[in-house]
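Below: one structure, written as structure tokens.
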Amino acid sequence: MPSEVWVDDNYTAESCGGHVWGYDAFDVIQDGIDAVADGAVVHVAHGIYAEALTIAKSLALIGDADGVLPCLSLPDGTAGIVAIMASNVTIENLRLVKEDQSADTAMVNIPRGGTWPSYTIAYEEITLRNLVVEKGRRAVSITAGDVTIEDCRFLDQSRDALFINAVAGTTTIQGNFFRGDPATSKKAILFENYSGNDPAVSGTIIVADNTSEGKNNFLVYNQWLDADATVDLQISRNTIQDPGSNAIVIYDPREYAPSFDPASFLKIGGMQVQGNRFSGIPAGKAAVVNPEDPVNTLVVDAASNWWGAADGPAGAGGGSGGAIAGAVDFTPWYSDAALSNLVPYNLRLDSAVIGEHAPIGSVVGQFVVDDDDAGDIHAFRLVDGNGTNDADNASFVVDGATLKTAVALAYARRTSYRIFAEVDDGRGGTNHAALVINVLNENDPPVAGHIHLVAIAGRSLAFDPAAYCQDIDGDSLTVNVAAPPAGLDVAREDGLFGFIGQPAQVGTTVSFAYTVSDGALSAQGLIEIEVVGTDEAYLGKAMKVSLIQPSADRSSCVLRFPAVMPETGSISYAVMQCANLQAGEWRVVSGAETTFIPSSDGYYGEMVVVVPLPVGTPRMFFKIQATLDMP
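Everything in the sequence shown is counted per the working numbering, starting at 45 for the first residue and increasing by one.
Written out as structure tokens, the structure reads:
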């Protein structure tokens, strides 16, 4: 099974970009997923793919990030989803669209494991990155461990964008954008159990550097199955604009009495709400709600946020200053956007694409950041991230606000690079962004091989010079000889070159330059043809083994080498096996199968010999021998 495949809705069996149709080239994403081994990469080219997907193996599903993202148009109904049913799955650079907003299912679903009444977290290490998820009822439903959702856009879901049933380990929701109608679109992020038989939430939850426009709530934490103090919830540097109701909420369990015991709620070990920006909170609603309860001793640490108005976070009534409700410590707080040091946000590059042949030190782009504090001077740097989003920091350098390359980039080696950047406003305000640098696949020149051939005087030697050349892009190559020497035919009907040496040239080498081209770029090479007078001389120079390939079961071995089959006389070929290496004893291999494959001119050719291998022999030595019996 391949470890890397390519999907393009324009591929056909006759045209698939130099790949093998049905092996590593497909026009349907699910076919590509089904074909690969665990740990593989499935590349998706630009296009529109109308299908649902099931990912039941570890893999990376990577769309082409250059330009408009590949679009996955999900069918209507509950079956029109991307189901992730494996660990170590990454999906990035795709646009997911589902017009149907009535089906009560998420567009991306990571289901529970186990069975009733004991459901489990079955999958872990799930990453969703740089996705655009449009419409649908819910965007993502999650029951998983170590989940990362970053740099995505969740647009116009009719209900919750992220429905989180249960998570464990480290959950990171960072750098995303949420948009929805504040009156109808429910939560941007909701933590809530399906039922009382679900696994509990545990670990660290990081919700940072997101922006929410509209939506009814930004984040609601409504779990009742958690063990005591097993969750650390960190909500930082988010921008929450014009919600329809309370922005960040821990639900009051008494709303559910008597169905649920209040003591089962509010067991968060720690909750920090810091560096966020609240604006447009409706009258009578609050930016942060933390219900007080006799069994709840949690005080939300909500210091150093901007609350949207100079009179600050008062009570829940009136909504003046983006109010707070319950046990929330909000001091100090930014009272005035014009006077306070507001954290810079929306860190990005004005260009994140560079050609693969750019020299070291080339400019990738300029760092850009939004800052509501006019006049702040920003410093940019690359810093440590989570080990994945900063993997390629060493490949780039920052010069002021400019990102430059520190290594040579080649599309054939890497199509994208990940860096983690920090902006500092010099007054204590910092922010971060995980950025992806994409490498453009530019045309590479072909590589011209040094061609050395041997020809027998008076015998036509046919050869394909392009076969000695390489092109890393897989382009078709053409060869031209500007000044053909005498005896060289470059206009044969079969497309090959032909050469006939003359008796007077025996003992000499005919040398001439050639140009190989991929249609846009070219390279120069040299062809040398050594002219000999006899078959014996030819074999003495050309008869070298070109291939040794054992069979899968190691019962035989194939040897290939150049040969001639003259029209008169005879030449016999034999494969000799070493009987005694120290004594130099060789004997003819018995049972060998010999086949002569003539070239297009018939005289020259290739000998293919299948040699039986004795069982249990760790190493064998062979040599080839030609015996001439000329009249």
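Even for Gly, the Cβ is constructed at its ideal location relative to N, Cα and C.
Over the uninterrupted beta strand (DSSP E) stretch that includes residue i, give me the two end residues.
i: I73; result: That residue, I73, is in no beta strand (DSSP E); its alpha helix (DSSP H) goes 73-79.
i: M620; result: 614-624
i: N137; result: 133-142
i: V576; result: 566-576
i: H693; result: Residue numbering for the chain in the displayed model covers 45 to 675; residue 693 lies beyond these limits and cannot be assessed.
i: R471; result: Segment: none, R471 is in no beta strand (DSSP E) and carries neither H nor E.
i: D286; result: Neither: D286 is in no beta strand (DSSP E) and is coded neither H nor E.
i: V659; result: Per DSSP, V659 belongs to no beta strand (DSSP E) and is neither H nor E.
i: H496; result: 495-500
i: Y265; result: 261-266
i: Y163; result: 162-164
i: K329; result: Premise fails: K329 is in no beta strand (DSSP E) and is neither H nor E.
i: V608; result: 600-608
i: L426; result: 423-426
i: S590; result: Counting along the chain, S590 falls outside any beta strand (DSSP E), and DSSP gives it neither H nor E.
i: W50; result: 48-51
i: E58; result: Segment: none, E58 is in no beta strand (DSSP E) and carries neither H nor E.
How is residue i classed by DSSP in three states: helix, strand or coil?
i: Q549; result: helix
i: Y512; result: helix
i: S117; result: strand
i: S348; result: coil
i: S239; result: coil
i: N433; result: coil
i: A96; result: coil
i: S439; result: helix
i: A382; result: Its pLDDT being 48, under 50, A382 is placed unreliably in this model, and the value from its coordinates should be taken loosely. Three-state DSSP puts A382 in coil, outside helix and strand.
i: E169; result: strand
i: Q316; result: strand
i: W377; result: coil
i: C196; result: coil
i: P357; result: coil
i: K101; result: coil
i: E537; result: coil
i: V277; result: According to the sequence provided, residue 277 is Leu. The question's Val does not apply to it. DSSP places L277 in strand when its eight states are reduced to three.
i: A212; result: strand
i: N153; result: strand
i: T671; result: strand
In the DSSP assignment, the alpha helix (DSSP H) including residue i goes from what residue to what residue?
i: E580; result: 579-586
Can you give me the C-alpha to C-alpha distance between residue i and residue j, rounded to a whole angstrom?
i: L532; j: V659; result: 49 Å
i: P335; j: D200; result: 29 Å
i: A510; j: I668; result: 28 Å
i: T671; j: F70; result: 51 Å
i: Q318; j: S566; result: 59 Å
i: I217; j: L263; result: 11 Å
i: W65; j: V191; result: 34 Å
i: A353; j: I249; result: 29 Å
i: G219; j: T255; result: 8 Å
i: D373; j: G366; result: 14 Å
i: Q145; j: A327; result: 30 Å
i: S406; j: R462; result: 17 Å
i: D443; j: V480; result: 18 Å
i: G61; j: G91; result: 15 Å
i: A232; j: S561; result: 54 Å
i: I573; j: R457; result: 36 Å
i: L97; j: R197; result: 20 Å
i: I421; j: D469; result: 6 Å
i: F666; j: D645; result: 29 Å
i: L175; j: T56; result: 27 Å
i: D53; j: A445; result: 39 Å
Assuming residue i and residue j form a contact by the criterion Cβ under 8 Å, report the distance between their Cβ atoms to the nearest whole angstrom.
i: S614; j: R604; result: That pair is no contact at about 21 Å.
i: D242; j: R156; result: 7 Å
i: I128; j: Y167; result: 7 Å
i: V211; j: V245; result: 6 Å
i: A104; j: T134; result: 4 Å
Look at the Cβ atom of residue i, then the Cβ atom of residue j, and state whether they are nearer than 7 Å.
i: I544; j: Y558; result: no
i: V608; j: Y648; result: yes
i: V498; j: Y582; result: yes
i: A100; j: A130; result: yes
i: G313; j: D276; result: yes
i: S289; j: N261; result: yes
i: F440; j: V467; result: no
i: A492; j: G563; result: no
i: A454; j: E400; result: yes
i: G542; j: A586; result: no
i: L138; j: P114; result: yes
i: D286; j: G324; result: yes
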